[in-house]
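Residues 153 to 608 (the numbering used here) make up the sequence shown, in order. Report on one structure; see the data block that follows.
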Amino acid sequence: MVSHDNSKRRAGRTVLASLGAALAVSVLGASPALAEKTRFEFWFGLTGDLAERVQDACRKFNESQGDYEITCTSQGNYDANLQNTIAAYRAKKQPAITQVYDVGTLDLMMSGAFLPAKKLMADNGYQIDWNNYFPGIANYYATAKGELQSFPFNSSTAMFYYNASAFKKAGIAEGPKTWTDVEAAARKLKAAGFDCPMGFNFDPWQTLEQFSAIHDQPIATKNNGYGGLDAEVVFNKTKFVDQVTFMKRLADEKLFVPKTKQLGMDIVPSFTSQTCQMIMTSIGDHGTIGKTMPEGVEWHVTLLPVMEGTQRKNSLVGGASLWVLNGRPEAEYKGAAAFLNFIAQPDMVEWWSTVTGYIPVTKTGFEAMKKNGFYDKPLFKGRELAIESLTYTPPSENTRGIRLGGMTQIRKEVSTALEAIFMQNADVQASLDQAAERSNALLRRFEKTYAGRTLD
153 MVSHDNSKRR
163 AGRTVLASLG
173 AALAVSVLGA
183 SPALAEKTRF
193 EFWFGLTGDL
203 AERVQDACRK
213 FNESQGDYEI
223 TCTSQGNYDA
233 NLQNTIAAYR
243 AKKQPAITQV
253 YDVGTLDLMM
263 SGAFLPAKKL
273 MADNGYQIDW
283 NNYFPGIANY
293 YATAKGELQS
303 FPFNSSTAMF
313 YYNASAFKKA
323 GIAEGPKTWT
333 DVEAAARKLK
343 AAGFDCPMGF
353 NFDPWQTLEQ
363 FSAIHDQPIA
373 TKNNGYGGLD
383 AEVVFNKTKF
393 VDQVTFMKRL
403 ADEKLFVPKT
413 KQLGMDIVPS
423 FTSQTCQMIM
433 TSIGDHGTIG
443 KTMPEGVEWH
453 VTLLPVMEGT
463 QRKNSLVGGA
473 SLWVLNGRPE
483 AEYKGAAAFL
493 NFIAQPDMVE
503 WWSTVTGYIP
513 VTKTGFEAMK
523 KNGFYDKPLF
533 KGRELAIESL
543 TYTPPSENTR
553 GIRLGGMTQI
563 RKEVSTALEA
573 IFMQNADVQA
583 SLDQAAERSN
593 ALLRRFEKTY
603 AGRTLD
């Protein structure tokens, strides 16, 4: 009896072993299909060190899971990436994700060629607290009703950098808070033997857009374009004219010195080489400055100066956001959602800010970094001021952002005017009037292109 039961058990074990072997063969045979990853593309417009950091983020995502593989490709610069994305979309060869800079936002919105951020994440099972994004950042990439359309990624704002070591030699006790302070510092630096007290370039992002926001000045009618496609620029009728006139006076005295690639030295190298002792540039350059400034040189970053007697307002977000494009296979959207969720995690937010200088875009990310002592470290000290600048006041009609079509070309018109003013001694008012006239022609062309369309 016992022998019979043992025999049955041995037979059962043989059957189970055979089934196990069969299953093993079946699983092994199926493993290549199961292991096949969903591959999708991400195009971006950063270069140099920042492009390498994007590639690092992509590698981290690929190594974190086995279901998806993202391929990340730089298109050379922001403008090229936008144009290449548009061309690829028309040819039905678009990437799943593309990085579009701040002023390309309206172009993407009007195109309708994207999946809204909220829908993408909800459809793929991700619960996102959209109120966690800083309003000053989220509003730039949201509809007029506040619906976020793309994902803030490499966010920044303009800041004021100064060489504290040079300030001490010139007898200047602290960083400037007003443009009157900047002028006084420039005169002392010049008297102390510094040939370039302040370096500047013709980038409208700092000189026009950020200046207008913190001084509560409109760049265009219709709430800077948020109220409709029939907006017109008005920057030639605001305090911006006074600011350019002020800068021109100091440039004529060699207290402010133009610094561009075309002139032989761009703005950031002019600061890190100690050629110029004050500059305005993105907080995103904080990391580069920290890496390249010679050891022993004390330098600081602070809020952009305001005109004397001004009640400061919040500055504008710069950088770019990530858009998920229509027309890709459904499986790629699952991968895109997984990637966007991955880079939004607090540890990735801190890593990204550490290696680039860009700011965290969510309140929880910022609080986590403060708790970890990130901003107490000498190399990163001052970066938190970018958040202070962006959140200095609640966004207003003039500080929410800029929602103008063809803003890339409008920037070019302003930049051309500034170059004529500072390099060819052109009249300030006449040059800005001409830039405004050409900019409004661009806006009417954009309005005609999207005739009958309204902003949500």
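Yeah, the Cβ is synthetic: ideal placement off N, Cα and C, and Gly gets one too.
*Look at the alpha carbon of Phe312 and the alpha carbon of Asp355, and state the distance between them as a whole number of angstroms.*
Within the sequence shown, the letter at position 160 stands for residue 312. Within the sequence shown, the letter at position 203 stands for residue 355. In a straight line, the C-alpha of Phe312 is about 14 Å away from that of Asp355.
_Host alpha helix (DSSP H) of Val501 (start-end)_ = The count along the sequence shown starts at 1 and reaches residue 501 at position 349. Note, Val501: alpha helix (DSSP H), 498-508.
*Leaving out the 5 sequence neighbours to the left and right, which residues in its chain are closer than 7 Å to Ala269 when beta-carbon positions are compared?*
Here residue 269 corresponds to residue number 117 of the sequence shown, with the count starting at 1. Sequence-distant Cβ neighbours of Ala269 in its own chain, meaning closer than 7 Å and more than five residues away, are Leu300, Gln301, Ser302, Phe303.
*First and last residue of the uninterrupted beta strand (DSSP E) at Ala95*: Residue coverage of the chain in this structure runs from 153 to 608, which leaves residue 95 outside it and unanswerable.
*Three-state class that DSSP yields for Val179 in the structure shown*: The residue you call residue 179 lines up with position 27 of the sequence shown. Reliability fails at Val179, whose pLDDT of 38 lies under 50, so the model's placement of it is uncertain and no value is given.
*Per DSSP, Val610 forms a beta bridge with which residues?*
As displayed, the chain neither begins before 153 nor continues past 608, which places residue 610 out of reach and without an answer.
*Run of the beta strand (DSSP E) containing Pro410, from where it starts to where it stops*: As a position in the sequence shown, residue 410 is number 258, starting the count at 1. The continuous beta strand (DSSP E) containing Pro410 extends over residues 408-410.
_Considering only their Cβ atoms, is the gap separating Lys515 from Tyr285 smaller than 9 Å?_
Taking the first residue of the sequence shown as 1, we reach residue 285 at position 133. Taking the first residue of the sequence shown as 1, we reach residue 515 at position 363. In contact: Tyr285 and Lys515 (Cβ atoms closer than 9 Å).
*In whole angstroms, what separates the C-alpha of Lys564 from that of Met459?*
For this step, residue 564 is matched to residue 412 along the sequence shown. For this step, residue 459 is matched to residue 307 along the sequence shown. Distance from the CA of Lys564 to the CA of Met459, rounded to the nearest whole angstrom, comes to 25 Å.
*Own chain residues within Cβ distance below 8 Å of Asp208, not counting five before or after*: Here residue 208 corresponds to residue number 56 of the sequence shown, with the count starting at 1. Cβ within range, chain order: Val507.
*For Val179, does the count of other Cβ atoms within 10 angstroms reach 16, so buried, or fall short, so exposed?*
The count along the sequence shown starts at 1 and reaches residue 179 at position 27. Reliability of the predicted coordinates at Val179 is poor, the pLDDT of 38 falling under 50, and the value obtained from them is presented with this limitation in mind. Val179 sits exposed, since fewer than 16 C-beta atoms from the chains shown fall within 10 Å of its C-beta.
*Are Glu384 and Asn214 touching if we call contact CB-CB under 9 Å?*
As a position in the sequence shown, residue 384 is number 232, starting the count at 1. As a position in the sequence shown, residue 214 is number 62, starting the count at 1. Cβ distance not < 9 Å, so Glu384 and Asn214 don't count as in contact.
*Kindly indicate which residue of Arg480, Glu484, Glu188, Ser425 has the alpha-carbon position closest to the one of Ala318.*
Locating residue 318 in the sequence shown gives position 166, where the first residue counts as 1. Of the listed residues, the one whose Cα sits closest to Ala318 is Ser425.
*Ile431 and Met500 closer than 9 Å at C-beta*: Residue 431 sits at position 279 when you count from the first residue of the sequence shown. Residue 500 sits at position 348 when you count from the first residue of the sequence shown. No, Cβ-Cβ distance for Ile431 and Met500 is not below 9 Å.
*asked:* My assumption, with CB atoms under 8 Å, is that Pro370 sits in contact with Val386. Please give the rounded CB distance.
replied: Reading the sequence shown from its first residue, position 218 is the one you call residue 370. Reading the sequence shown from its first residue, position 234 is the one you call residue 386. That pair is a contact at about 6 Å.
*Identify the continuous alpha helix (DSSP H) that holds Trp357 and give its terminal residues.*
As a first step, residue 357 is located in the sequence shown; it is residue number 205 there, counting from the start. First-last for Trp357: undefined, no H or E at that position.
*How many whole angstroms separate the CB atoms of Glu450 and Ala310, which I take to be in contact at a CB cut-off of 8 Å?*
Looking up residue 450 in the sequence shown gives position 298. Looking up residue 310 in the sequence shown gives position 158. Not confirmed; about 22 Å, so no contact.
*Are there three or more Cβ pairs, one per stretch, closer than 8 Å when the region 575-586 is compared with the region 394-410?*
Output reads yes: the region 394-410 touches the region 575-586.
*Span of the beta strand (DSSP E) holding Ser308?*
Locating residue 308 in the sequence shown gives position 156, counting from the first residue. Segment 303-308, the beta strand (DSSP E) holding Ser308.
_Delimiting residues of the alpha helix (DSSP H) encompassing Trp331_ = Taking the sequence shown and counting its residues from 1, the one referred to as residue 331 is at position 179. From DSSP, the alpha helix (DSSP H) with Trp331 extends over 331-343.
_Cβ-based burial, Thr440 [other Cβ within 10 Å; buried from 16]_ = Taking the first residue of the sequence shown as position 1, residue 440 is located at position 288. It counts as buried.
*Buried or exposed by the 16-neighbour rule on C-beta atoms within 10 Å, applied to Asp528*: Residue numbering aside, residue 528 sits at position 376 when the sequence shown is read from its first letter. For Asp528, the number of other beta carbons within 10 angstroms of its own is below 16, and it is reported as exposed.
*Can you tell me which of Arg205, Trp195, Trp282 puts its alpha carbon nearest to the alpha carbon of Tyr241?*
As a working note, residue 241 is residue 89 in the sequence shown. Closest by alpha carbon: Trp195.
*Would you call the region 226-238 and the region 273-282 in contact, with 3 or more CB pairs under 8 Å?*
Counting C-beta pairs closer than 8 Å gives fewer than three between the region 226-238 and the region 273-282, which falls short of the contact rule.
_Let me make sure I understand the geometry here. Which of Asp275, Gly218, Leu198 has the alpha-carbon closest to that of Glu188?_
Numbered from 1 along the sequence shown, position 36 holds the residue referred to as residue 188. Glu188 has its Cα closest to that of Gly218, out of Asp275, Gly218, Leu198.
*asked:* So the candidates are Ala587, Tyr220, Gly557; which of them puts its Cα closest to the Cα of Asp382?
replied: Your numbering for residue 382 matches position 230 in the sequence shown. For Asp382, the closest C-alpha among the options Ala587, Tyr220, Gly557 is that of Gly557.
_For the structure I just gave you, are there three or more beta carbon pairs, one from the region 462-474 and one from the region 243-255, closer than 8 Å?_
A contact exists between the region 462-474 and the region 243-255.
_Less than 9 Å between the beta carbons of His438 and Gly553, yes or no?_
Counting from 1 along the sequence shown, the entry for residue 438 is found at position 286. Counting from 1 along the sequence shown, the entry for residue 553 is found at position 401. Cβ distance not < 9 Å, so His438 and Gly553 don't count as in contact.
*asked:* For His452, list the residues DSSP reports as bridge partners.
replied: Taking the sequence shown and counting its residues from 1, one reaches residue 452 at position 300. Looking at the DSSP assignment, His452 forms a beta bridge with Tyr314.
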